[in-house]
Amino acid sequence: MTGRIYSVTLEIDAEAYQRMYAGQARNVLARDSQGRSIQFPAAALRRFVTHDGVQGVFLIEVDADNRLVEIRRRG
Numbered sequence: 029m030t031g032r033i034y035s036v037t038l039e040i041d042a043e044a045y046q047r048m049y050a051g052q053a054r055n056v057l058a059r060d061s062q063g064r065s066i067q068f069p070a071a072a073l074r075r076f077v078t079h080d081g082v083q084g085v086f087l088i089e090v091d092a093d094n095r096l097v098e099i100r101r102r103g
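Under this note's numbering, the letters of the sequence shown match residues 29 to 103, in that order.
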């Protein structure tokens with residue numbers, strides 16, 4: 029069985045991400061383009077944080093056991 033790729037649009041402002049980074053929230057819960065819920069570690073977004081927070085469309089790849097493989101910004 030293979031993994032799956034979800035496409036999600038994230039609009040997390042800097043203040044909200046700062047709360048996640050500080051440990052008040054460990055996971056991000058989002059809906060993909062098909063309406064499915066997906067949860068993943070907030071720490072996985074660190075490399076995408078700007079002074080505005082985390083904005084954009086991301087591809088989230090999980091393995092057959094629904095473990096996070098990779099997050100990348102959709103180009």
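C-beta: ideal position from N, C-alpha, C; glycine also.
Predicted, not measured: the structure shown is a model, and the values here were computed from it.
Using a Cβ-Cβ cutoff of less than 7 Å, which residues in the same chain neighbour residue i once the five nearest sequence positions on both sides are dropped?
i	result
serine 35	Asp60, Ser61, Val85, Leu87, Arg102
alanine 58	Val36, Leu38, Ile66
How long is the line joining the alpha carbons of residue i and residue j, rounded to whole angstroms?
i	j	result
arginine 100	glutamine 83	12 Å
alanine 42	proline 69	17 Å
threonine 78	asparagine 55	19 Å
aspartate 80	glutamine 67	22 Å
arginine 64	tyrosine 45	22 Å
isoleucine 40	arginine 95	22 Å
Between the options, which has its C-alpha nearest residue i's C-alpha?
i	options	result
glutamate 89	Ala72, Gln52, Gln46	Ala72
alanine 50	Leu57, Arg95, Arg74, Ala58	Arg74
Ordered along the chain, which non-local residues of its own chain (more than five positions away) have a Cβ less than 8 Å from that of residue i?
i	result
alanine 53	Arg47, Ala70
aspartate 93	none
Can you find the residues in the same chain that come closer than 6 Å, C-beta to C-beta, to residue i, ignoring five residues on each side of it along the sequence?
i	result
aspartate 91	Gly31, Val97
phenylalanine 76	Val82
isoleucine 33	Leu87, Glu89
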